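**Student:** In this text, residue positions in the sequence shown follow the working numbering: the first is 210, and each later residue adds one.
A virtual CB, placed ideally from N, CA and C, is assigned to each residue, including glycine.
Computed from a predicted structure; not experimentally measured.
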Amino acid sequence: MDLTPRRDYFGEFDPSRVPTPCFVVDEIALRDNLEVLADVQQRSGAKVLAALKAFSMFSVGHIVVEYLSGTCASGINEAKLGFEEYGGKDLGKEVHVFSAGYKEQELEEILQFAHHVIFNSFSQWHRYKPMCLAAQKKRSELRFGLRINPEHSEGHTPIYDPCAPCSHLGIVRSLFEDEDLTGISGLHFHTLCEQDFEPLQRTIAAVEKKFGDLLPQIEWINFGGGHHITRRDYQVEALIDAVKGFSKKHNVQVYLEPGEAVALFCGVLVGEVIDLTWNGKQQAILDVSATCHMPDVIEMPYRPEITGASLPQELPHAYLLGGQSCLAGDRIGEYSFAEPLNIGDRLVFEEMAYYTMVKTNTFNGIPLPSIALWNSDTDELRMIKEFGYEDFRNRLS
């Protein structure tokens, strides 16, 4: 997997220009990714949607809609954000919604503006079918789909594998027997996580094998997300050929909904050393928290890269890095540096645009990171938002 960016976007960025902690997103890196996705969209005939679950920085929504066909959401709030901030309301961009379970009042609102509404079970579809078809009579563009579970795992981390045994996501093939699909015009599947084309190719084969008899009945199919299309080594030409071939073979409109690929290489998280301690090893306490600001470090788990740092023992000065919270496991990892760390030093965590801002929390009252937009061509820096006590207080009662 080649996670080398197309250029050193943040090589000239001065981390002292922002308060800490702070997410910084580079507009140029974002546009570079979107150009790749727009090219795939144009040449393959697929419609590409931005998955807001990964990256919902709506202050760049006007940029995203220049390139893509719309957004996909995982519930009412993301759907409303896509409609209001990503061209759904003013530019006619598509808003697609999937949820593992809809509440009636949520679905009533979604049906007023969404384009595709995807159900996770026949139970929910049967319950809401009359409401859906009534809404479709008022809005002819409204379409309904079912999420299928091809029972084909490609994920390497169980928590992110929607096809793991007993998964609550998607409908397995055996449950389609004797079901009337009247009103359903499309299917949706999702099996990937940070992967290239070959896992998708295997998934497509599994879908055709298990659900091929249903494909003549549908108008569209959504290949889900997890496609690392904007990575240097992604097999873009193979993806384009596969989409074109599938569309022609089955006479369907294909959708892709990348999340990470939209924001890959686009963002960093700047933090500050606020204390240096020792307990068996040298330790540094930061104003960046794994559990509050980048919880995938604990959930995945993984070790984020820090600009200028290396693996333990590779450079002379090694430290265990931890956050401010009272969680004993609020550890980011062990790193080594060419020079000793000092209180007040700035550290730049790489690859922090996606699945970070959307997952932050205020456990222990720890402040949320500020958000800044930078332009690596012009060096223009704009603070988008800073958070304080009121943001913490207003989440509570």
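1) Could you tell me which uninterrupted alpha helix (DSSP H) segments, each at least 4 residues in length, are contained entirely in the stretch 366-398, listed from first to last along the chain?
2) For the stretch 482-501 against the stretch 452-463, do three or more pairs of beta-carbon atoms, one drawn from each stretch, fall closer than 8 Å, so that the two count as touching?
3) I'd like the span of the beta strand (DSSP E) that includes N431, first residue to last.
4) Taking the continuous alpha helix (DSSP H) assigned at Q333, which residues delimit it?
5) Closest to W429 by CA distance: which of A282, E317 and L351 is it?
6) Measure the alpha-carbon distance for N551 versus I327 and round it to whole angstroms.
7) State yes or no: is the C-beta of I272 within less than 8 Å of the C-beta of L239?
8) Spatial neighbours of I237 within its chain, please: C-beta separation below 8 Å, excluding the five flanking residues on both sides.
9) Three or more C-beta pairs closer than 8 Å, one from the stretch 432-450 and one from the stretch 218-234: is that the case here?
10) Tell me whether Q321 is buried or exposed, calling it buried when 16 or more other Cβ atoms sit within 10 Å of its Cβ.
11) Tell me the DSSP secondary structure of M592 in three-state form.
12) Quick check on DSSP: helix, strand or coil for Y464?
13) Are the Cβ atoms of N242 and T439 separated by less than 8 Å?
14) Note down, in chain order, each residue of its chain lying with its Cβ closer than 6 Å to the Cβ of S253, except the 5 sequence neighbours on either side.
15) With DSSP as the reference, please indicate the residues paired to S362 in a beta bridge.
16) Excluding five sequence neighbours on each side, which residues of the same chain lie with their C-beta closer than 8 Å to the C-beta of D588?
17) Kindly confirm or deny that the stretch 417-432 and the stretch 462-475 touch, where touching means at least three C-beta pairs closer than 8 Å.
**Tutor:** So, from the listed chains and residues:
1) none
2) no
3) For this step, residue 431 is matched to residue 222 along the sequence shown. That run of the beta strand (DSSP E) goes W429 to N431.
4) In the sequence shown, counting from the first residue as 1, residue 333 sits at position 124. Unbroken alpha helix (DSSP H) run through Q333: F331 to K347.
5) Start at 1 with the first residue of the sequence shown, and residue 429 comes out as number 220. Per the Cα distances, L351.
6) The residue given as residue 551 occupies position 342 in the sequence shown. The residue given as residue 327 occupies position 118 in the sequence shown. Cα to Cα, the separation comes out at about 52 Å.
7) Here residue 272 refers to the residue found at position 63 when the sequence shown is read from its first residue. Here residue 239 refers to the residue found at position 30 when the sequence shown is read from its first residue. Closer than 8 Å, so yes.
8) Here residue 237 refers to the residue found at position 28 when the sequence shown is read from its first residue. Once the five neighbours on either side are set aside, the close Cβ partners of I237 are Y218, N584, S585 and D586.
9) no
10) In the sequence shown, the residue the question calls residue 321 occupies position 112. Exposed, by the Cβ-count rule.
11) Here the question's residue 592 lines up with position 383 in the sequence shown. Residue state, collapsed to three classes: strand.
12) As a working note, residue 464 is residue 255 in the sequence shown. Strand.
13) For the purposes of this step, residue 242 is taken as residue 33 along the sequence shown, with counting starting at 1. For the purposes of this step, residue 439 is taken as residue 230 along the sequence shown, with counting starting at 1. A contact, by the Cβ cut-off of 8 Å.
14) Here residue 253 corresponds to residue number 44 of the sequence shown, with the count starting at 1. Only I449, V452 and K453 meet the Cβ criterion.
15) Stepping through the sequence shown from its first residue, residue 362 is reached at position 153. Answer is none; S362 lacks a bridge partner.
16) What you label residue 588 is simply residue 379 of the sequence shown in a count that begins at 1. These residues qualify, in order along the chain: E221.
17) yes
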